[in-house]
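Taken in order, these protein sequences are the chains called A and B.
Numbering of the first sequence is given in the working numbering, commencing with residue 1 and proceeding in unit increments.
Numbering of the second sequence is given in the working numbering, commencing with residue 1001 and proceeding in unit increments.
Data block below; observations after.
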Amino acid sequence: MLARTITHALVGLDARRVEVEAHLQNGLPAFAIVGLPDRACQEAKQRVRSGITSAELNWPDRRLTVNLAPAELRKEGSGFDLPIALAVLAASRQVTEESLRGHAAVGELALDGRVRPVTGVLAAAEGAKEQGLSRLFCAAVSAPEAALAGIEPVPLHHLAEAASYLRGEWQPEPFDELDELPAPVGLLDLADVRGQERARRALELAAAGGHNLLLGGPPGTGKTMLARRLPGILPPLTRSEALEVTRIHSVAGLLPPGRPLVTAPPFRAPHHTASAPSIVGGGSGPRPGEASLAHRGVLFLDELAEFPRPTLEALRQPLEDGVISIARVEGRAVFPARFQLVAAMNLCPCGARGDPAAECSCSTQRLAAYRDKLSRALLDRFDLLVTVPRPRAVELAAAPAEASELVRERVVAARGRLRECRPTRTEAANALLSTAVERLPLSARGRARVARVSATVAALAAAEAVAPEHVAEALSFRTPNELAAA
Amino acid sequence: MSAAVIEPIRAVRRLWRRELPELLRQIHDPPQALFLRGAAGVEVLAQPAVAIVGARACSPYGAQVARMLGRELASAGLVVVSGLARGVDGEAHRGVLDAGGVTVAVLGCGIDRDYPAAHAALAQRICERGLVVSEYEPGVEPAPWRFPARNRIIAGLAAATVIVEARERSGALITADFALEDGREVFAVPGEITGTLSTGTNRLLRQGATPLTSTEDVLELFGLAASQRPRPSTLGVDATAALARLADGAASADELARATGLEPGPLAAGLAELELAGLVAEAEGCYRVVMPLRH
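Shown next as structure tokens:
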């Protein structure tokens, strides 16, 4: 007796259709899973068997073979438990195969028959929707996530519910689709940052133009504090952006329970000891790295110069293309990675540079070695560079500064202007830019960066065209001499 | 430490002791010979010259003073001699090159060695208009004990030596000692009495060196007047306001914003304008005036 159910295996963010075939034959009782299952998938045997008995259903005491097709695709994880269990129930005629038609399934089984959530439900639901399936069996907690794909979820707490649903004895309540995006939560407010007007201005420009930002300065000046407040002044994610971000975070298993949709621009801050694969993504069945988790948000690299150089160089491709493609023996995966890069670093290894109250004790050789850690190519990716000086006590005692909400309104308006009619440079502005190239150490790339930033400055000022003063301000955020090659 | 050999030096010339410029022959221990590399003629060594030396790990202030001095002395027509080291030396050379002047770099190794390696490009630029010289044969590696000996040539080539920043036991002080021994003028740039970077220069001042308060102090010695560089009259309102505050001393952008009451945007624009005009320079988040204002 043969029955099949449909589920999905993830390759990167892509859900590939997998047919789960269960075949019962006469012979000594045995249970085998074939079709390139990994260890977790192989262990499904024990969970499925206990789950079915715990749900007071019958375990067929016959020779049982489960095949996961296509056989050449590697199956990873515990999400195959539920489809295997359903296929076994159908093969042993405890539910009809007919009733399974049009359904996909994904979920892990507990030994007592409860259904546990797994990662990547959104991607699996989207895969099912694409193939014209109308309903998805999944854990009850994952149901809101599955509903985002526009598929009808069958939320399950227990395997027994699935059986009674398939016998037509129970119907889940229809699921309300999300009309409005929930407001982002957990964003930090810029009002907490006292003083630092120039750095705040740089942050606002970075938000408005989507520029990459490098904050330099002695330790304890609030570089990290500023960077963490960038997501709060970015425009909120649109519905399609939120879905993109949620898909990635779902695959990585990072969705907080109860909040299926990520609506705030993500903020990721990997430690500088992180390996290159953990940042760009990798693994045998490629998984998204920090750069992809920061998609449509901010990737913050604190202590930029402490990151190993190969890691930093690996970020150049996503910074250019907005995607990361990872090739492995098992296959190739493409992850979106359109993030805004914000980095912070000290101006020298001992950290005293830029602090009027301390004297730098670094030798010239150490300084040169520190500078050499950052390639020109990487520094060129930063449109805005700003030195954050140590604030004085007077500033710290000052009244709270402008709140994120007000800044965000300006940012949203400026983004709109940049999208609709990008301001162009006046002749005087062009003349100033040419003078700057002549007089300052400004490369061709540097010139292009200044041009980009000046358009943002003009958009923030709601100016029709880029005037010389806009170019001048953009110039003040160019690569400082301390970081330029000696 | 190894130093890379760059392209073969074709224009190596050798001056024997009797061919050395007058000033250098007068010192206590003139070199046996001098090797020359660069486009300039030997006569450059006989022109009125000022040496600018100082700490390798200098402060932004020291770097900017060195550069300003190099630029202004060169504009007045003087040759600037220094040691091609990192820090003050390199900035002095760069200042001269900014002004399109002639500068001489004295090395403590063969003239075909680029030491420090990071200054290879700078040496190349110096050679286009000036000279790189050494008493050592081409191929001689840099060694710690060769640098003090090199300093006697720096002091010997110049009629006056300016020490910009020096710690307690700095090589620049050796240069100053040589200059004093040879009866040349020694200038020291006053620094903070609390900073270790100015203990050397401040000690020199206590011992009777001439304090350097502006480029004119040096130019006077040569009977020269500073080249008049008029203040650009087209400075914007914001730039003028920022400049007025900076004339009192260095300040960060945020301090300037508070002092002038300007918004960060217009202020940044004003500062960039001043930088472009060559009046102000930024280092480590701090802005300071580099061109003394003449009223």
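We put the CB at the ideal spot given by N, CA and C, even for glycine.
Would you mind stating whether ALA85(A) and LEU100(A) have Cβ atoms separated by less than 8 Å?
By 1-based counting over the first sequence, the position of residue 85(A) is 85. By 1-based counting over the first sequence, the position of residue 100(A) is 100. Their beta carbons are not under 8 Å apart, which means ALA85(A) does not touch LEU100(A) by this criterion.
For ILE1193(B), count neighbouring Cβ atoms within 10 angstroms of its own Cβ and tell me buried if that reaches 16, exposed if not.
Walking along the second sequence from the start, residue 1193(B) turns up at place 193. Exposed, by the Cβ-count rule.
Inter-residue spacing [alpha-carbon to alpha-carbon] between PRO441(A) and ASP1112(B)
Along the first sequence, one-based indexing puts residue 441(A) at 441. Along the second sequence, one-based indexing puts residue 1112(B) at 112. Rounded to the nearest angstrom, the two C-alpha atoms are 27 Å apart.
Indicate whether at least one CB of chain A lies closer than 8 Å to the CB of PRO1264(B).
As a first step, residue 1264(B) is located in the second sequence; it is residue number 264 there, counting from the start. Closer than 8 Å: yes.
Report yes or no: is there a C-beta of chain B within less than 8 Å of the C-beta of ARG201(A)?
Here residue 201(A) refers to the residue found at position 201 when the first sequence is read from its first residue. Output row for ARG201(A): interface = yes.
Contacts that LEU347(A) makes with chain B (C-beta to C-beta distance below 8 Å)
Within the first sequence, residue 347(A) is the residue found at index 347, counting from 1. Chain B residues near LEU347(A): GLU1284.
Mapping DSSP to helix, strand and coil, what is VAL1300(B)?
A question about residue 1300(B) goes unanswered here, because the residues of chain B that appear run from 1001 up to 1295.
Check the C-beta distance from LEU341(A) over to GLY209(A) and give it rounded, since I have them as a contact under 8 Å.
In the first sequence, counting from the first residue as 1, residue 341(A) sits at position 341. In the first sequence, counting from the first residue as 1, residue 209(A) sits at position 209. The Cβ separation is near 13 Å, so there is no contact.
Could you check what DSSP says for HIS1295(B) in three-state terms: helix, strand or coil?
Translated into positions along the second sequence, residue 1295(B) becomes position 295. Any reading at HIS1295(B) needs caution, since the residue's pLDDT is 40, under 50, leaving its predicted position unreliable; the model's value is listed next. Taken through DSSP and simplified to helix, strand or coil, HIS1295(B) comes out as coil.
Distance between beta carbons of ARG167(A) and GLU152(A), contact taken as under 8 Å
As a working mapping, residue 152(A) is identified with position 152 in the first sequence. As a working mapping, residue 167(A) is identified with position 167 in the first sequence. Actually they do not touch by this definition, with Cβ atoms about 18 Å apart.
Around the Cβ of MET1(A), are there at least 16 other Cβ atoms within 10 angstroms (buried) or fewer (exposed)?
As a first step, residue 1(A) must be located in the first sequence, where it is residue number 1. Exposed.
Terminal residues of the continuous alpha helix (DSSP H) containing ASN1202(B)?
Start at 1 with the first residue of the second sequence, and residue 1202(B) comes out as number 202. Segment 1199-1206, the alpha helix (DSSP H) holding ASN1202(B).
Chain B contacts made by the segment 357-380 of chain A, where a contact means CB separation under 8 Å:
GLU359, CYS360, CYS362, SER363, THR364, LEU367, ALA368
Apply the 10 Å Cβ neighbour rule to GLY1087(B) and answer buried if 16 or more other Cβ atoms are within range, or exposed otherwise.
By one-based count along the second sequence, residue 1087(B) stands at place 87. Answer is buried; the Cβ neighbour count reaches 16.
Would you report the Cα separation of SER325(A) and ARG371(A), rounded to the nearest angstrom?
By one-based count along the first sequence, residue 325(A) stands at place 325. By one-based count along the first sequence, residue 371(A) stands at place 371. Inter-residue distance for SER325(A) and ARG371(A) is about 30 Å (C-alpha atoms, whole angstroms).
Taking Cβ-Cβ distances below 8 Å as the criterion, which residues of the segment 421-436 of chain A are in contact with chain B?
LEU432, THR435, ALA436
Contact set for ALA486(A): own chain, Cβ-Cβ below 6 Å, skip 5 residues either direction:
In the first sequence, counting from the first residue as 1, residue 486(A) sits at position 486. In this prediction, ALA486(A) scores a pLDDT of 39, lower than 50, which makes its location untrustworthy; the coordinate-derived value is nonetheless stated afterwards. Taken in chain order, the list of residues that qualify is empty.
Hey, HIS8(A) and ALA128(A) are a contact pair by Cβ (cut 8 Å); roughly how many whole angstroms apart?
As a first step, residue 8(A) must be located in the first sequence, where it is residue number 8. As a first step, residue 128(A) must be located in the first sequence, where it is residue number 128. Right, their Cβ atoms sit about 7 Å apart.
Anything in the segment 165-197 of chain A with a Cβ closer than 8 Å to a Cβ of chain B? List those residues in chain order, please.
Of all residues in the segment 165-197 of chain A, GLY195, GLN196, GLU197 have a Cβ within less than 8 Å of some Cβ in chain B.
With a threshold of 8 Å between beta carbons, is GLU1273(B) in contact with chain A?
Counted from its first residue, the second sequence places residue 1273(B) at position 273. It does: the Cβ of GLU1273(B) has a partner Cβ on chain A nearer than 8 Å.
Is the beta carbon of LEU1173(B) sitting closer than 8 Å to the one on ALA1179(B)?
Stepping through the second sequence from its first residue, residue 1173(B) is reached at position 173. Stepping through the second sequence from its first residue, residue 1179(B) is reached at position 179. No.
With a cut-off of 8 Å, does the C-beta of GLU72(A) fall near any C-beta of chain B?
Here the question's residue 72(A) lines up with position 72 in the first sequence. With respect to chain B, the C-beta atom of GLU72(A) has no partner C-beta closer than 8 Å.
Beta-carbon neighbours of GLY217(A), restricted to chain B and to distances below 9 Å
Mapped onto the first sequence, residue 217(A) falls at position 217. Residues of chain B passing the Cβ test: GLU1284, GLY1285.
Got a sec: which bits of the segment 100-118 of chain A sit with their beta carbon under 7 Å from any beta carbon on chain B, in order along the chain?
Of all residues in the segment 100-118 of chain A, none has a C-beta nearer than 7 Å to a C-beta of chain B.
Please list, in chain order, the residues of the segment 1061-1087 of chain B that have any C-beta partner in chain A closer than 8 Å.
Residues ARG1086, GLY1087.
Backbone secondary structure at VAL1218(B) - three-state DSSP:
Counted from its first residue, the second sequence places residue 1218(B) at position 218. Here VAL1218(B) sits in helix by DSSP.
Using Cβ-Cβ distances below 7 Å, what residues of the segment 1093-1104 of chain B are close to chain A?
none
Are any of the Cβ atoms in chain A nearer than 8 Å to that of SER1170(B)?
On the second sequence, position 170 is the one that residue 1170(B) refers to. With 8 Å as the cut-off, SER1170(B) does not count as an interface residue toward chain A.
Please list, in chain order, all residues of the same chain as GLU1135(B) whose beta carbon is under 8 Å from its beta carbon, the five residues on each side excluded.
The sequence position of residue 1135(B) within the second sequence is 135, counting from 1. So the qualifying residues of the chain are PRO1031, GLN1032, ALA1033, LEU1034, PHE1035, ALA1149, ARG1150, ILE1153.
Separation of LEU1279(B) from VAL1289(B), as counted between CA atoms
Taking the second sequence and counting its residues from 1, one reaches residue 1289(B) at position 289. Taking the second sequence and counting its residues from 1, one reaches residue 1279(B) at position 279. Taking the straight line from one Cα to the other gives about 6 Å.
Using CA atoms only, rank isn't needed, just tell me which of ALA444(A), VAL437(A), LEU432(A), VAL471(A) is closest to PRO423(A).
By 1-based counting over the first sequence, the position of residue 423(A) is 423. Cα-wise, what sits closest to PRO423(A) is VAL471(A).
DSSP state of MET1068(B) mapped onto helix, strand, coil:
Translated into positions along the second sequence, residue 1068(B) becomes position 68. MET1068(B) sits in a helix when the DSSP states are folded into three classes.
Is it a yes or a no for the segment 196-203 of chain A touching the segment 1259-1268 of chain B, going by three-plus beta-carbon pairs under 8 Å?
yes
In chain order, what residues of the same chain have a beta carbon less than 6 Å from the beta carbon of ARG353(A), not counting five sequence neighbours either side?
The residue labelled residue 353(A) in the question sits at position 353 within the first sequence. Cβ within range, chain order: LEU347, CYS360.
Quick one, which residues of the segment 449-477 of chain A are near chain B if we go by CB-CB under 9 Å, in chain order?
VAL457, LEU460, ALA461, PRO468, GLU469, HIS470, VAL471, ALA472, GLU473, ALA474, LEU475, SER476, PHE477
Only counting runs of 4 or more residues, tell me where the alpha helix (DSSP H) segments fall wholly within the segment 53-138 of chain A, in order along the chain.
81-91, 97-100, 121-130
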